[in-house]
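Residue numbers (this note's numbering), protein chains in the order written: chain A, 13 to 475; chain B, 25 to 510. No residue lacks a Cβ here, since even glycine has one placed at the ideal position from N, Cα and C.
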């Protein structure tokens, strides 16, 4: 909880920076604040008590703390990566504030206990992102991205609200636990519009995690937004959305899983197939990563679908989020530096192994991790999903997952082949900030480290 | 402890070699790989004294909650495979001394990492660990082929990678399925014996599904018809050392996998589908032999001959009797040595004449008699003439397949005739006949080339005349395996 408060404070502080002229100090202050937020978060984990706040609107139980930890850590890396990007921008302060508020929304999503806080979290996280997506004001693609994101996002919010309203109508409560106990009491007597509400909420959440067939915004928005904003979307936002998805469906609607699991299975199958085959046909690296994020979303949804002994699922989802976030931060950090010249196609990576061998190595590790090759963390992430799924009735989804994973290797390897095999067009060395190098190397090392000792993350919740 | 050291040493050595500049890297790599061979010989001596010595196994918890252990151990079968691996790697490194590779530190570092993964595959006693090493082996060889390969390597290595990964993922699902059925005091386990128990408790149709899921990974690696299409291109495109690693050792991962990780797991599945798999293997033998006969490129010819040989090995293993499996093990050893020799000869020919096309070669015997003799010995080993190392294995293999089905044995036996046809014809075209105008003088061999070829020839003859030490270990190993099959 203290972490949430600190980051809210930082957001307000950032808005004041222009007026009181401490712009130069802002960056170190934000970093310190984030470290402090992480430290408080960690201490709350150690004490291990779940204290409800604001009339049980928000509560930081262990699940919330774990996801918050991933989000805050990713944000820390992201800010270091984005330092020089902020310097290039004229309105530095606004951007800082927007990102920090998006983080506040993300943390709320991990810890909501009430439908209203869920909605608030979604909106607080999304609205700054609509602006950030369009923040390259003179670039038409960026404008398109912001506009599309806004329209589609509002649409999804509409579904979410409608769903909440219907559920409120049926159960008379916004509180997640009360809804749950209401369902278990009344069982089969629920009115039809209650189920409609559940399905509407499912659709809205699928929008937010960009699962097919509600994914159409993702490639355009990922491509058009400034690269670092895309990085933010595919890590922090995605993790938060999954934390919310998990809490909503595995806690709130667990009793009526028969209603939504069938639909979710269809969503997963579609996402896997559409995402991987579309990605294989792309040339733009950011679009490839967008489709890849859809495919990873499908894998994470499989965990929710499997819902076996719940701690196994929780561990799997946390591990997956972390592995995916680390891999994505490294990948986007490199993409950001390589595509600075404007060419965002795969051929921008041609001959990178000669121009900058260590950068190419990090990219190769990130790609192999996203593709799920041992001994990177991406492999264990996939392994946990497979283990969770094998005991369920959805074995056919596993087969689809295996086949599409093989397709997935195709587009990840294209980047590797471009780096190591294709001839470069220029011999110019890549100008890259030292801070960026540190982030890239650290996240790459972490990707391998939690692949070698997955236990430190995968055993956070005993079962 | 020795077991863990066998994995750890090449890992550390490989990482060290990455940071060494120039030719020191290859000398260091050679030194390290010879030390590793020494370690393997140490394991051999220990095994001879006491097969259950505690030095030969190592077990440490990796991920506790999921029952994953870093558990490795040496039994008869893995000992032979490790001896083969550690014997071949120094030869492979030595064979590269006459070729200048760019960035030698990366090249040799990757070879040593590859060795680490291979040794790991052969020693793993934990299903999960086996899979990790299995996949790990793919990465160094992929980069070796991609960075130092020939024309069009981007597309070809890519096909190779996706093909093998595709199979591996199925195997992963199959293994997880087995793991999910294990039950050791209420907990799940990845230990090999527990997976055996779990596999046998399954019903026939479940066993059949698991059989195909796991077999597909091994079949791609070997490769078995019709999953072989990645192989000829990859073998031809890869740098010689990469081809040697692929054909000499990596191919054995597949056959080894069938013996240790498939046969004992799903006996009912094997009973039902083993015949089909044998039929595919035998089809592969004939198919590949016929294609080999019509090849013009010598390296490609060896690639196809390799498919034919491995088809016979696979048929022998799948017939699941003492002779078949024992012959397979002997033939895996012999084929490993011979095919490395043959690919090296192709490399030498190419370096001296600039071509591998057999029509453009001829009369080399007249120019370099020593080379002709060395070539002939390795070639005869490959054809499995009596008193060469190939003979014992091939004889046992056909015997094993015969016990399964006489028709299959008759068809598989064609490999003896067809093999002799394409091998002797290639020798005739390259070495004998008139000297072809287009090729320049074939000078004397470099010292390192001579050393490599001589060592291989000595092994070919020595283990042809006296195969007993290896055969004894193989026989004992197969007896243990057969106990698991019942």
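(request) Tell me, please, whether the CB atom of residue 136/B is closer than 8 Å to any CB atom in chain A? (result) Stepping through the second chain from its first residue, residue 136/B is reached at position 112. Closer than 8 Å: no.
(request) Check the Cβ of residue 159/B against every Cβ in chain A and list those closer than 7 Å, keeping chain order. (result) To locate residue 159/B, count along the second chain from 1; it is residue 135. Correct list: 385 and 386.
(message) Against residue 176/A, what residues of chain B qualify as contacts under a CB-to-CB distance less than 8 Å, listed in chain order?
(response) Position 164 of the first chain holds residue 176/A. Within chain B, no C-beta atom comes less than 8 Å from the C-beta of residue 176/A; the nearest is roughly 37 Å away.
(request) For chain A, find out if any of its Cβ atoms is closer than 8 Å to the Cβ of residue 204/B; answer yes or no. (result) Position 180 of the second chain, counting from 1, holds the residue named residue 204/B. For residue 204/B, the answer is yes, since a Cβ of chain A falls inside 8 Å of its Cβ.
(message) Output needed for residue 113/A: all residues of its chain with C-beta closer than 7 Å, excluding positions within five of it in sequence on either side, in chain order.
(response) Here residue 113/A refers to the residue found at position 101 when the first chain is read from its first residue. Counting only Cβ-Cβ distances below 7 Å, and skipping sequence neighbours, we find 23, 136 and 140.
(message) Tell me which residues of the region 400-416 of chain A have at least one Cβ-Cβ distance to chain B shorter than 7 Å, keeping chain order.
(response) Taken in chain order, the members of the region 400-416 of chain A whose beta-carbon sits within less than 7 Å of a beta-carbon on chain B are 402, 403, 410 and 414.
(request) Measuring alpha carbon to alpha carbon, tell me which of 135/B, 64/B and 143/B ends up nearest residue 163/B. (result) As a working note, residue 163/B is residue 139 in the second chain. If we check each option's Cα against that of residue 163/B, 135/B comes out closest.
(message) At a CB distance below 7 Å, what residues from the region 183-217 of chain B approach chain A? Give them in sequence order.
(response) Listed by position along the chain: 185, 186, 189, 190, 193, 194, 196, 197, 200, 201 and 204.
(request) Look at the Cβ atom of residue 245/B, then the Cβ atom of residue 108/B, and state whether they are nearer than 8 Å. (result) Walking along the second chain from the start, residue 245/B turns up at place 221. Walking along the second chain from the start, residue 108/B turns up at place 84. Residue 108/B is positioned such that its CB atom lies no closer than 8 Å to that of residue 245/B.
(message) Between residue 429/A and chain B, is any beta-carbon pair separated by less than 8 Å?
(response) Walking along the first chain from the start, residue 429/A turns up at place 417. True, the Cβ-Cβ gap to chain B drops below 8 Å.
(message) Please classify residue 475/A as buried or exposed, where buried requires at least 16 neighbouring CB atoms within 10 angstroms.
(response) Here residue 475/A refers to the residue found at position 463 of the first chain. Residue placement at residue 475/A cannot be trusted, given a pLDDT of 45 that sits under 50; what the coordinates show is reported in the next sentence. Under a 10 Å Cβ-count criterion, residue 475/A is classified as exposed, with fewer than 16 other Cβ atoms of the shown protein chains found around its own Cβ.
(message) Using the Cβ count rule (16 or more neighbours within 10 Å means buried), how would you classify residue 225/A?
(response) Here residue 225/A is taken as the residue at index 213 of the first chain, counted from 1. That one is exposed.
(message) Just to confirm before moving on: does the CB-CB distance between residue 381/A and residue 339/A stay below 8 Å?
(response) Along the first chain, one-based indexing puts residue 381/A at 369. Along the first chain, one-based indexing puts residue 339/A at 327. Cβ distance < 8 Å, so residue 381/A and residue 339/A count as in contact.
(message) Pairs of beta-carbons, one from the region 110-127 of chain B and one from the region 45-54 of chain B, closer than 8 Å: are there three or more?
(response) With a cut-off of 8 Å, the region 45-54 of chain B and the region 110-127 of chain B count as touching, because enough Cβ pairs lie within range.
(message) Contact criterion: CB-CB distance below 8 Å. Does residue 424/A meet it with respect to chain B?
(response) Taking the first chain and counting its residues from 1, one reaches residue 424/A at position 412. Judged by the 8 Å Cβ criterion, residue 424/A is not in contact with chain B.
(request) Starting from residue 83/B, follow the beta strand (DSSP E) in both directions and report where the run begins and ends. (result) Taking the first residue of the second chain as position 1, residue 83/B is located at position 59. For residue 83/B, the enclosing beta strand (DSSP E) covers residues 81-87.
(request) Name, please, each residue of chain A whose Cβ falls closer than 8 Å to the Cβ of residue 178/B. (result) Walking along the second chain from the start, residue 178/B turns up at place 154. Near residue 178/B (Cβ distances below 8 Å), the residues of chain A are 429, 433 and 434.
(message) At the level of alpha carbons, what is the spacing between residue 445/A and residue 345/A?
(response) Locating residue 445/A in the first chain gives position 433, counting from the first residue. Locating residue 345/A in the first chain gives position 333, counting from the first residue. Distance between the alpha carbons of residue 445/A and residue 345/A is about 11 Å.
(request) Report the option in 41/A, 466/A and 305/A whose CA atom is closest to the CA atom of residue 388/A. (result) Residue mapping note: residue 388/A aligns to position 376 of the first chain, counting from 1. Closest option to residue 388/A, judged by alpha-carbon separation, among 41/A, 466/A and 305/A: 466/A.
(message) Checking 8 Å against the spacing of the C-beta atoms, do residue 104/A and residue 182/B come in under that value?
(response) For the purposes of this step, residue 104/A is identified with residue 92 of the first chain, where counting begins at 1. For the purposes of this step, residue 182/B is identified with residue 158 of the second chain, where counting begins at 1. Remark: C-beta atoms of residue 104/A and residue 182/B do not approach each other more closely than 8 Å.
(message) What does the alpha-carbon distance come out to for the pair residue 156/A and residue 323/A?
(response) Against the first chain, residue 156/A aligns to sequence position 144. Against the first chain, residue 323/A aligns to sequence position 311. Each residue's alpha carbon lies about 41 Å from the other.
(request) With DSSP collapsed to three states, give me the class of residue 186/B. (result) For the purposes of this step, residue 186/B is taken as residue 162 along the second chain, with counting starting at 1. Three-state result, residue 186/B: helix.
(message) On the DSSP bridge list, what partners appear for residue 321/B?
(response) Residue numbering aside, residue 321/B sits at position 297 when the second chain is read from its first letter. DSSP lists 381/B as the bridge partner or partners of residue 321/B.
(request) Answer with yes or no whether the minimum CB distance from residue 170/B to chain A is below 8 Å. (result) Locating residue 170/B in the second chain gives position 146, where the first residue counts as 1. Contacts with chain A at 8 Å (Cβ-Cβ) include residue 170/B.
(request) Report the partner residues of residue 417/A according to the DSSP bridge assignment. (result) Taking the first residue of the first chain as position 1, residue 417/A is located at position 405. Residue pairing of residue 417/A in beta bridges, as defined by DSSP: absent, with no partner found.
(message) Could you give the first and the last residue of the continuous beta strand (DSSP E) run that contains residue 97/B?
(response) Taking the second chain and counting its residues from 1, the one referred to as residue 97/B is at position 73. Looking at the DSSP string, the run of the beta strand (DSSP E) that includes residue 97/B is 92-97.
(request) Return the chain-ordered list of same chain residues with a C-beta closer than 6 Å to the C-beta of residue 231/B, the five sequence neighbours on each side being excluded. (result) As a position in the second chain, residue 231/B is number 207, starting the count at 1. Answer for residue 231/B: 290, 292 and 293, listed in chain order.
(message) Considering only their Cβ atoms, is the gap separating residue 82/B from residue 27/B smaller than 8 Å?
(response) The residue you call residue 27/B lines up with position 3 of the second chain. The residue you call residue 82/B lines up with position 58 of the second chain. Yes, the Cβ-Cβ distance between residue 27/B and residue 82/B is below 8 Å.
(request) Mind reading off the beta-carbon distance from residue 322/B to residue 450/B? Whole number of angstroms is fine, and I expect it under 8 Å. (result) For the purposes of this step, residue 322/B is taken as the residue at position 298 of the second chain. For the purposes of this step, residue 450/B is taken as the residue at position 426 of the second chain. That pair is a contact at about 6 Å.
(request) Give the DSSP-derived three-state secondary structure of residue 406/A in the structure shown. (result) Here residue 406/A refers to the residue found at position 394 when the first chain is read from its first residue. DSSP places residue 406/A outside both helix and strand once states are collapsed to three, so it counts as coil.
(message) Given this structure, state the Cα-to-Cα distance separating residue 154/B from residue 116/B, to the nearest angstrom.
(response) Numbered from its first residue, the second chain carries residue 154/B at position 130. Numbered from its first residue, the second chain carries residue 116/B at position 92. Cα to Cα, residue 154/B sits roughly 24 Å from residue 116/B.
(message) Just to confirm, is the Cβ distance from residue 188/A to residue 264/A under 8 Å?
(response) Numbered from 1 along the first chain, position 176 holds the residue referred to as residue 188/A. Numbered from 1 along the first chain, position 252 holds the residue referred to as residue 264/A. Judged by their CB atoms, residue 188/A and residue 264/A are nearer to each other than the 8 Å cut-off.
(message) Going by DSSP in three states, residue 225/A sits in which element: helix, strand or coil?
(response) In the first chain, residue 225/A corresponds to position 213, counting from 1. If DSSP states are grouped into helix, strand and coil, residue 225/A belongs with coil.
(request) Please look up how many angstroms separate the CB atoms of residue 512/A and residue 234/A, rounded, as I've assumed it's under 8 Å. (result) Nothing in the structure corresponds to residue 512/A, since chain A is present only between 13 and 475.
(message) Taking its Cβ as the centre, do 16 or more other Cβ atoms sit within 10 Å of residue 378/B, making it buried, or is it exposed?
(response) Locating residue 378/B in the second chain gives position 354, counting from the first residue. Residue 378/B comes out exposed.
(request) Pull out every residue of the region 85-103 of chain B whose Cβ sits closer than 7 Å to any Cβ of chain A, in chain order. (result) Flagged, chain order: 87, 88 and 89.
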